[in-house]
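To start, the structure under review is shown below, and the notes come after it.
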Amino acid sequence: MAIKPPITELPIRTAASGFYRGFTKDVTITAKLLVGGLILWAIAFPDQAGAVLGNLNTIILATFSYWYVYVMAFFVILCFVLALWPTAGKLKMGLPGDQPEFSNFSWFSMMFGAGIGIGMLTFATAEPMYHFGSNPATIQGLTEGSTAGNVRDAYIWSFTHWGLAAWASYAIVGLALGYFSYRRGLPLTIRSALTPLFGKSLSGTLGHVVDVVAVVATVLGVAQTLGFGVEQFVSGLYRIGFGEWLYVTAEDGSKSSSTMAIIFALLVIMGASTLSALSGVGKGIKWLSNINMGLSFFVLVFFLLFGSTFFGLQALFVGMFDYLVSIPANLFTVWAPVTMETFSANVPASVQALSAEDLASVYGSATSPWGTLESFSSGLPEAAAALPPADVAAAYAAATEGRLSGWQGAWSIFYWAWWIAFA
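Mind the numbering: the sequence shown is residues 5 to 427 in my numbering, read in order.
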């Protein structure tokens, strides 16, 4: 029995006229100032912003990695519970008698198009290739990178990052918004989902803080997604022959998107997105999503007919099976960073005898998740390079947990933060 009647009204003061009519000025203006301040800071002091944000990222990974992993695991478990709970499937996200506004095809198309579609087509190919070279199995020495024995692990981690975890975060947030908005009649804001905990106190400052945090997180999540989208767009234009102006070549021969290309891509993508949003969900977003889904099916059929059909299907089904089996371990495992003190205490005495500068260099190389024992050995400072091979290998092994933590922070934790922010 409910302790108190469910809240069906949450008064939120909004502007009655002017530019902000229908919006809460406290939320809108505060969010604008915060986002605008971040943008101006990054433009005016890019090096300082990069250094500060980089250090902040390191602190967050070291402090909150457990939080990200367990929250995402909780989302997945909750979705499984709701899927298995009989009465949950009978609950309509609307009032009695309401009918779905969109067909199943359009609904699924919009979920992919506005959800993870911008990265899926590119990273569906690129990410397994990254993991084919390096993943937790190779770091632990269970498989060798870039060999046939590492294919299955490459798919496991790709499916882990783009599979149930991503959709679970979207589903929980969408379910909360849909239930309290369309069933309870509350405003379509994040604060409405917290009414069972905080009640009508969310009408004031507490609710404003919740919505400001949600807006800033969403903007940053969209910015991350847009950044990937711009790079993909420029790369695609370059590959189909739109000109050398799209890329600039650095002194070391590497290529990167030119400033003009980035601005052009931003204008095109933002223009199309704005027109789509202004036309409404039922028109622009719906039809763009339907077209995207149709083109995606075309690409899928093309690769099935003209690509390595048997290998592709085998990799898909074997990868899906391996992924489902590995879900408990991959969702609940958190690798902790290896500190300098811990590393120093677990290496051979010959390594401990190195100078502080050389020991710090060895520590930095040993905890890097992107190398191998061979690259680690070849990059040692002169004094460390003269150590016996067994001691070098022992020093590298002492930092295995640190390499796993670095890999998890760069991949899994990054994805969990991205999905949560974008949801």
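Backbone N, C-alpha and C define an ideal beta-carbon position, used for all residues, glycine too.
In the three-state DSSP reduction, Y251 falls in the strand class (E or B). Per DSSP, S205 is not a residue of any beta strand (DSSP E), being assigned neither H nor E. Counting only runs of 4 or more residues that sit fully inside the segment 327 to 392, the alpha helix (DSSP H) segments are 344 to 350, 353 to 356, 360 to 370, 377 to 382 and 386 to 389, in chain order.
Nearest in C-alpha terms to I273, of all of G233, A254 and S185, is G233. Beta-bridge partners of R25 (DSSP): A19. Secondary structure of K259 (DSSP, three-state): strand.
Contiguous alpha helix (DSSP H) elements confined to the segment 29 to 102 occur at 29 to 48 and 50 to 88, taking only those with 4 or more residues. The Cβ-Cβ distance between S107 and S293 does not fall below 8 Å.
Taking the C-beta atoms as reference points, G316 is found no nearer than 8 Å to F306. Excluding its 5 nearest sequence neighbours in each direction, I143 has C-beta neighbours in its own chain below 7 Å: P373, T404, R407, L408 and W411, listed in chain order. A Cβ-Cβ contact shorter than 8 Å links P132 with A158.
Separation of the CB atoms of G178 and Y327 is rounded to 23 Å, and the pair is thereby denied contact status at 8 Å.
For I267, the three-state secondary structure derived from DSSP is helix. In chain order, V238 and L250 place their CB closer than 6 Å to the CB of A265, counting only its own chain and leaving out the 5 sequence neighbours on each side. Going by C-alpha positions, A169 is about 32 Å away from L241.
In the structure shown, R407 adopts helical secondary structure according to DSSP, grouped into three states. V31 is classed as buried because its beta carbon has at least 16 other beta carbons within 10 Å across all chains shown.
Distance between W422 and Q103, taken at the CA atoms: about 33 Å. Around the Cβ of V85, a 10 Å sphere holds fewer than 16 other Cβ atoms; the residue is exposed. When DSSP assignments are scanned along the segment 273 to 325, the uninterrupted stretches of alpha helix (DSSP H) that are 4 or more residues long and fall wholly within it turn out to be 290 to 310. By the beta-carbon neighbour count (other beta carbons within 10 angstroms, threshold 16), L14 is buried. One Cα belongs to Q236, the other to T126, and the distance between them is close to 8 Å. A direct Cα-to-Cα measurement between Y183 and G203 gives close to 16 Å. In terms of CA proximity to A175, F78 leads the group R187, F78, S162 and T164. For M344, the closest C-alpha among the options E361, P332, F116 and I331 is that of E361.
Here M76 has A169, A172, S173, L335, W420, W423 and I424 as same chain residues with Cβ atoms under 8 Å from its own Cβ, once five neighbours each way along the sequence are excluded. I417 carries a helical assignment under DSSP once its states are collapsed to helix, strand and coil. Straight-line spacing of the CA atoms in S369 and I47 works out to 32 Å. Setting aside the 5 residues that flank it on each side, S262 is surrounded in the same chain by W249, L250, Y251 and V252, each with a C-beta closer than 7 Å to its C-beta; the list follows chain order.
DSSP places S113 inside the alpha helix (DSSP H), whose first and last residues are N108 to G117. Excluding its 5 nearest sequence neighbours in each direction, S283 has C-beta neighbours in its own chain below 8 Å: I289, listed in chain order.
Here S416 is buried. Its C-beta has 16 or more other C-beta atoms within 10 Å. Here P392 is exposed, its C-beta having fewer than 16 other C-beta atoms within 10 Å. Apart from the 5 residues on each side of it in sequence, V73 sits with its Cβ closer than 6 Å to the Cβ of V338 in its chain, given in chain order. A direct Cα-Cα distance of roughly 18 Å separates L57 from V217.
Just so you know, the alpha carbons of D215 and R195 end up roughly 6 Å apart.
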